[in-house]
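Everything on this sheet refers to the single structure shown next.
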Amino acid sequence: MTTDDTNDGQPKIQLGDYIILQRQKYTKLVKFSSISATAALGKEQLELGNILDKPYFSTFKMCPKEDLGKSHRGRQRLHTLEICTDLELPNIREAVSREALGISSSGIDNRNITDDGDSQSL
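Each number in my numbering comes from the position in the sequence shown (counting from 1) with 875 added on.
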C-alpha cells in the first residue's frame with residue numbers, strides 16, 4: 876500500500892496488494908499480482924488491470940467486455956472493472972439491499988462442499 880499526495884494522500888491499490896471482491900453475500904480475497912491478473916467470481920471472469928492506482932475502498936462496477944452470445948453456454952463471461960461515480964453510488968447501495976436482491980437469511984452457503992467418498996453407490 877502506498878500513498879499519493881496528488882489525491883489528498885489517500886492510499887492507492889498497487890501490485891502485490893490483496894483486494895476484496897464482494898458480490899451480494901459472497902466475499903472473496905484475491906491477490907492483485909500483475910496488471911493482467913484476472914479473478915473468477917462464479918461464472919464471471921474479471922480483469923483486474925483497471926483497479927491499479929485507484930483509491931482503497933473504491934466501488935467498481937462490472938462492465939461486459941465481450942458478448943459471447945447464446946452459443947457459449949457454461950463458458951465464463953469476461954468483464955472489466957470501472958470505478959463508480961458519485962452519482963452511481965446511491966443507486967448501487969439501494970440496489971444492494973437485501974430486499975431488493977431477494978436474499979433471505981435461511982440456508983447456508985454450500986459452494987465449498989467436497990465429496991468424501993462415503994456416499995451410497997448406485
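Even glycine gets a Cβ: it sits at the ideal position worked out from N, Cα and C.
Query: Beta carbon of I888 nearer than 8 angstroms to that of I895; Result: no
Query: Nearest candidate by alpha-carbon position, reference D892, set E957, E963, L927; Result: L927
Query: Straight-line Cα distance separating L921 from K940; Result: 9 angstroms
Query: Contiguous beta strand (DSSP E) assignments of at least 3 residues, all confined to the region 893 to 959; Result: 893 to 898, 901 to 906, 913 to 916, 919 to 922, 935 to 939, 952 to 958
Query: Pair within 8 angstroms by beta-carbon distance, M937 and L923; Result: no
Query: Cβ shell of L916 (< 8 angstroms), same chain only, five flanking positions each side left out; Result: L896, R898, Y901, K903
Query: Inter-residue spacing [alpha-carbon to alpha-carbon] between S908 and D993; Result: 39 angstroms
Query: Identity of the residue in D883, N925, V905 nearest S911 by Cα; Result: N925
Query: Selected residue, minimal CA-CA separation from L962, among F935, I988, N987; Result: F935
Query: Spatially closest choice to A914 from S933, Q885, L953, by CA coordinates; Result: L953
Query: Other residues of its chain near S933: CB distance less than 6 angstroms, five sequence neighbours each side excluded; Result: I958
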